[in-house]
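J.: Let me give you the structure first, and then I'll get to my questions.
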Amino acid sequence: MATDGFAVPQEKDMPPKTAQIPATDSPAVIAARRVRKTFGDGRVLALEDASFDIRPGEFITMVGPSGCGKSTLLRIVAGLIDHSGGDMTVHGSAVTGPRNDVAMMFQKPTLLAWRTAVENVLLPTELAGAVTKADREKALSLLELVGLKDFAFSFPSQLSGGMQQRVALARLLQTGADILLLDEPFGALDEFTREHLNVELMRIVAEVNATAMFVTHNIGEAIFLADRVFVMTPRPGRLARIIDVPFARPRKPELQLTPEFNALVAEARAVLGGLE
Amino acid sequence: MSASDQIDLPKGMAGGASTRRILFNHLAILVCWVGLWEIGSRAGVIDPLFFPRPSDILVGFWRLYITQGNIWFHLGLTMAEVVAGFVAGSALGIGLAFVVGLSDTVRRFLKPYVVVIEATPRIAIGPIVIAAFGFGWTSKIVIVMLVCFFAPFVNTLNGIINVDRDQLDMFRSMRATRVQTFRKLILPEATPEIMAGLRLAMASALGGALVAEFIASNNGVGKLISTYTGNLNMASAFVCVLTLSAVGFFILRGMEWIDRWLVFWTDRKRTEAVGRKRAQRWQKGGKL
Amino acid sequence: MTSKAFFVELGKHLAVFAALILLWEGASILGFIDTILVPQPSEIWKGIVDLYFTRGIIYWHFGITLYEAAAGFAIGAGLGILLATGSALNDNFARYVAPYATLLNVTPGLALTPIVIAWFGFGYGSKIALGAITCFFPVFVNTLIGLTRMDPDTSEMFRAMGASRRQLFWKLQLPAALPMIFAGFKISVTTALVGAIVAEFSQGTAGIGVLMQRFAFQLNGGAAIASLLSMSLLGLILFFIIEIIDDRIVFWRRDARMTAVSRQKRAAWARMRT
Chain B
0 MATDGFAVPQ EKDMPPKTAQ IPATDSPAVI AARRVRKTFG DGRVLALEDA SFDIRPGEFI
60 TMVGPSGCGK STLLRIVAGL IDHSGGDMTV HGSAVTGPRN DVAMMFQKPT LLAWRTAVEN
120 VLLPTELAGA VTKADREKAL SLLELVGLKD FAFSFPSQLS GGMQQRVALA RLLQTGADIL
180 LLDEPFGALD EFTREHLNVE LMRIVAEVNA TAMFVTHNIG EAIFLADRVF VMTPRPGRLA
240 RIIDVPFARP RKPELQLTPE FNALVAEARA VLGGLE
Chain F
0 MSASDQIDLP KGMAGGASTR RILFNHLAIL VCWVGLWEIG SRAGVIDPLF FPRPSDILVG
60 FWRLYITQGN IWFHLGLTMA EVVAGFVAGS ALGIGLAFVV GLSDTVRRFL KPYVVVIEAT
120 PRIAIGPIVI AAFGFGWTSK IVIVMLVCFF APFVNTLNGI INVDRDQLDM FRSMRATRVQ
180 TFRKLILPEA TPEIMAGLRL AMASALGGAL VAEFIASNNG VGKLISTYTG NLNMASAFVC
240 VLTLSAVGFF ILRGMEWIDR WLVFWTDRKR TEAVGRKRAQ RWQKGGKL
Chain P
0 MTSKAFFVEL GKHLAVFAAL ILLWEGASIL GFIDTILVPQ PSEIWKGIVD LYFTRGIIYW
60 HFGITLYEAA AGFAIGAGLG ILLATGSALN DNFARYVAPY ATLLNVTPGL ALTPIVIAWF
120 GFGYGSKIAL GAITCFFPVF VNTLIGLTRM DPDTSEMFRA MGASRRQLFW KLQLPAALPM
180 IFAGFKISVT TALVGAIVAE FSQGTAGIGV LMQRFAFQLN GGAAIASLLS MSLLGLILFF
240 IIEIIDDRIV FWRRDARMTA VSRQKRAAWA RMRT
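Sequence lines, in order, name chains B, F and P. At position 83 of the first sequence (counting the first as 1) the number is 82 in numbering that gives the first Met the number 0, and the numbers step up by one without a gap. At position 124 of the second sequence (counting the first as 1) the number is 123 in numbering that gives the first Met the number 0, and the numbers step up by one without a gap. At position 261 of the third sequence (counting the first as 1) the number is 260 in numbering that gives the first Met the number 0, and the numbers step up by one without a gap.
And the structure:
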């Protein structure tokens, strides 16, 4: 993807700084201005003045060690926690709480054990109002999209961890939100399943034309998935660098072996390693 | 300390011929026990005042159940007290737990009292209730109610507050109302704990009714046991106790069955069965 | 919680308590609460003062019920552990003990009260026996579950290191089962108290249960509730004794204890090496 209009730090030994906010022509779908979060009456600074713009259809990953504020930031975008300062807007309106155009997925599948897969997928529709035949068809087709057509009436206890997360993904898509927030969704799975699901995720996100923010603590995964990587450092949590990932899509796993890929990994590592 | 569940004994092994042999062994041992007991009793080695003869017990069964048939009335009365008290007490306990569970502050201030009540034998309130309500069945039901209140209350409360944080967040992110979150998440999630509390309450209920009858009553199985023992008619007393064992057994089985039916998703076979049923209902376009 | 925060919290609880008592007293005086059914706080206080200070008769009875409950618990829990260990170690034993244990479980133990009294007489024996019978099962089942639920990976490791059956029991099974066993103890000790008290109700001359029953039938509600509260105190004492023993023996569950034991072990090792 082209890096139109963004100022990318050119030298690797420049001090880490947040990306400047450029004037672009496509309106940002998620915009943050000096968003900060403190806990415990201002004693703990979890997130310090994050500012960024995310354009529609971008796949953003956030990477960093524990305590860097990435999950906090994601939850602020989701409206699940309040920010202590700054502005956070989605689709032009300020974020004051959970909203219809933003959907979130967690590391645990959080499926309801007493509902079948398709009933789990229908949960958001149920909560919003009546369930129509069209909704049911959509749920079934979403399950097919994530590759679980034959498991529509299975219960979570009958599904593997990877399959459960796929159901959670289908549920995410059922909401119809065009902004998808994912907090280490495949972190609990083994590497092979995770890689497979990552490729699937990219395909699905592209297919539904959604904007995605994905949290991980794995640098390689972050770069593999993203159009841009938000590299975050801890104590206090800061958005230290935004790295552009210019590789074409769809991306294949073999990309991770190329020198260009590893150069970006090295860049991210430098930012993160520069703390000690 | 929490009113934790009484877990079933680990099940024995399954399987054809070995099961039959085990069953045979069990029966054989039982027959030996009973035989030795009978012989020892007749030979004067075992005092029939302490351990009534098996033959006397059998005769007692015949008499209490058929000839005299008095056990039916008393058993019915006791069970009525138990059921009424159980339903009222548990309903109160569960209901109150839902109310308290919604407010963290109320819970915090309630905690010390819960701890004290947990350490007190609830049944000890018996004499006070009887002194207040008299010898009739009202006091028995009140006692059973009090006994059956606590475990469902504590367990339901635990079930409600221990709902997974991520699940709650997920519901919040889908903008569910409080009522929706309660009906679709908290209630089903808490059901296993609620069932555990009800099982505990049921176990105490029967004991509670009997103790109430021991203290002061004119009717009921407890009174029967009291009277028979007082007259040193141990055989009949044993008949009553064994009857209660049978009742207790069926109640336990019944509650297990209800538990498996309600909390189907922890049992593999039930899960499959429910899955199939739901698939069928879906094809017919029925309500979920 | 810091100690200042603790006292603040304690203060809040005391304030709530005081408010409730005042409300209760007020409602009783104004006639909203029937004082025959529910004695007034002032009456209860009078009862407490009388029992604990003026006449001071509660101490003797307290000791008796404590003794009955403790003895009942010791016997019932002891038997429970013994039979459960036997069942855990030997499959046949388990198979043949199981039905009788189940029978004991489904029979309401308290139903046996008159029979137990007929067998053991009017003295301490029946109270202790009833306590033992009622508290047997929780210990039995918890110990059995604790001993049989072994982590398969850990037991494989033991076997790979050539551990004998006996070593496996003492070094893995038993320590791993301790949390579960103590959970059973906590349930059991209050159950033993229930057994002792119920036996006192039916036939007793001494003990808090007897006191309470006497006061109740004399319609001395205040003293009756005061006795009931003494029972709570007894229950709490028994519970806390088990808690303390639990904390000392199953030290790996609390950070503070673990650190203390760490230090002790380090010192012991240092002494060994010199």
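Idealized CB from N, CA, C, for every residue including glycine.
Return helix, strand or coil for I80/B, following the three-state DSSP convention.
T.: I80/B falls in the coil class under three-state DSSP.
J.: Considering V58/F, what are the terminal residues of the alpha helix (DSSP H) in which it resides?
T.: From DSSP, the alpha helix (DSSP H) with V58/F extends over P53 to W61.
J.: Determine whether the beta carbon atoms of L200/B and A102/B lie at a separation below 7 Å.
T.: Not closer than 7 Å, so no.
J.: Does the distance from the CB of P258/B to the CB of C67/B come in under 7 Å?
T.: The answer is no: Cβ separation not under 7 Å.
J.: Sort D52/B, P235/B, I242/B and P252/B by Cα distance to L44/B and report the nearest one.
T.: The candidate whose alpha carbon is nearest that of L44/B is P235/B.
J.: Comparing the C-beta of T95/B with each C-beta of chain F, is any distance below 7 Å?
T.: It does not: the Cβ of T95/B has no partner Cβ on chain F nearer than 7 Å.
J.: In chain B, which residues lie with their C-beta within 9 Å of the C-beta of Q179/F?
T.: Under the 9 Å cutoff, chain B gives E125 and L126.
J.: Quick one: give me the first and last residue of the beta strand (DSSP E) that R35/B is part of.
T.: Taken as a continuous stretch (DSSP letters only), the beta strand (DSSP E) holding R35/B covers I29 to F38.
J.: Taking the runs of the alpha helix (DSSP H) that are 4 residues or longer, which of them lie wholly in the region 108–162 of chain F?
T.: List check, alpha helix (DSSP H) in window: 125–132 and 136–160.
J.: Determine whether the Cβ of M173/F lies closer than 7 Å to any Cβ atom of chain B.
T.: With 7 Å as the cut-off, M173/F counts as an interface residue toward chain B.
J.: Using a beta-carbon distance cut-off of less than 8 Å, what residues from the region 210–225 of chain P approach chain F?
T.: Those residues of the region 210–225 of chain P that come within reach of chain F (Cβ to Cβ, closer than 8 Å) are M211, Q212, A215, F216, L218, G220, A223 and I224.
J.: Cα separation between A189/F and A215/P?
T.: Their Cα atoms are separated by approximately 39 Å.
J.: Take N217/F and list the residues in its own chain whose beta-carbon comes closer than 8 Å to its own, dropping the five residues that flank it on each side.
T.: For N217/F, where only same-chain residues beyond five positions count, the Cβ hits under 8 Å are F134.
J.: So that I know if they touch, is there some Cβ in chain B lying closer than 7 Å to that of Q166/F?
T.: By this cut-off, Q166/F is an interface position.
J.: With 7 Å set as the bound, which would you pick, yes or no: does the beta-carbon of M103/B sit closer than that to a beta-carbon of chain F?
T.: Chain F, which has a Cβ nearer than 7 Å to the Cβ of M103/B, makes this yes.
J.: Tell me the residue span of the beta strand (DSSP E) that contains S102/F.
T.: Counting along the chain, S102/F falls outside any beta strand (DSSP E), and DSSP gives it neither H nor E.
J.: Using three-state DSSP, classify E183/B as helix, strand or coil.
T.: Residue state, collapsed to three classes: coil.
J.: Can the beta-carbon of A30/B be found closer than 7 Å to that of D52/B?
T.: Closer than 7 Å, so yes.
J.: If you run the structure through DSSP and keep just helix, strand and coil, what is T23/B?
T.: Because the pLDDT at T23/B is just 48, under 50, the model does not fix this residue reliably, and the value given afterwards should be weighed accordingly. In this structure, T23/B counts as coil in the three-state DSSP scheme.
J.: Please tell me whether A278/F has its Cβ less than 7 Å away from any Cβ of chain A.
T.: The structure shown contains no chain A; its protein chains are B, F and P.
J.: Would you please state the rounded distance, in angstroms, between the beta carbons of I159/F and G94/F? I believe it to be under 8 Å.
T.: In fact, because the Cβ distance is near 12 Å, the residues do not count as touching under 8 Å.
J.: Taking a cut of 7 Å between CB atoms, which residues from the region 37–66 of chain F lie near chain P?
T.: Flagged, chain order: F49.
J.: Ends of the alpha helix (DSSP H) at D246/P?
T.: Unbroken alpha helix (DSSP H) run through D246/P: G220 to I248.
J.: Threshold first: 4 residues or longer. Then list the alpha helix (DSSP H) segments lying entirely within the region 80–132 of chain B, N to C.
T.: Runs found: 116–120 and 122–127.
J.: Measure how close the beta-carbons of I224/P and P38/P come, nearest whole angstrom, since I'm counting them as under 8 Å.
T.: Indeed they touch by this definition, with Cβ atoms about 5 Å apart.
J.: Taking Cβ positions only, does M230/P come closer than 7 Å to chain F?
T.: Closer than 7 Å: yes.
J.: For A298/B, return the contacting residues in chain F, with the cut-off set at a CB-CB distance below 8 Å.
T.: Outside the shown range of chain B (0 to 275) lies residue 298/B, about which nothing can therefore be said.
J.: In terms of alpha-carbon separation, which member of A14/P, R265/P and V197/P lies closest to T119/F?
T.: The shortest Cα separation from T119/F among A14/P, R265/P and V197/P belongs to V197/P.
J.: Check whether the region 126–144 of chain F and the region 205–221 of chain F touch, using three or more Cβ-Cβ pairs below 8 Å as the test.
T.: Flag = yes, the region 126–144 of chain F and the region 205–221 of chain F touch.
J.: Could you have a look at I242/B and say whether DSSP puts it in helix, strand or coil?
T.: The answer is strand: DSSP assigns I242/B an E or B state.
J.: Could you tell me the alpha carbon to alpha carbon distance between T133/P and T190/P, rounded to whole angstroms?
T.: For T133/P and T190/P, the distance between alpha carbons rounds to 6 Å.
J.: For the alpha helix (DSSP H) holding F119/P, just list the boundary residues, first then last.
T.: Where F119/P is concerned, the enclosing alpha helix (DSSP H) stretches over T112 to F119.
J.: D226/B: buried (16+ other C-beta within 10 angstroms of its C-beta) or exposed?
T.: By the neighbour-count rule (16 or more Cβ atoms within 10 Å), D226/B is buried.
J.: So that I know if they touch, is there some Cβ in chain F lying closer than 7 Å to that of F58/B?
T.: By this cut-off, F58/B is not an interface position.
J.: Between the C-alpha atoms of F85/F and K69/B, what's the straight-line distance to the nearest angstrom?
T.: Each residue's alpha carbon lies about 51 Å from the other.
J.: If you draw a straight line from the alpha carbon of I144/P to that of K222/F, how long is it in whole angstroms?
T.: For I144/P and K222/F, the distance between alpha carbons rounds to 37 Å.
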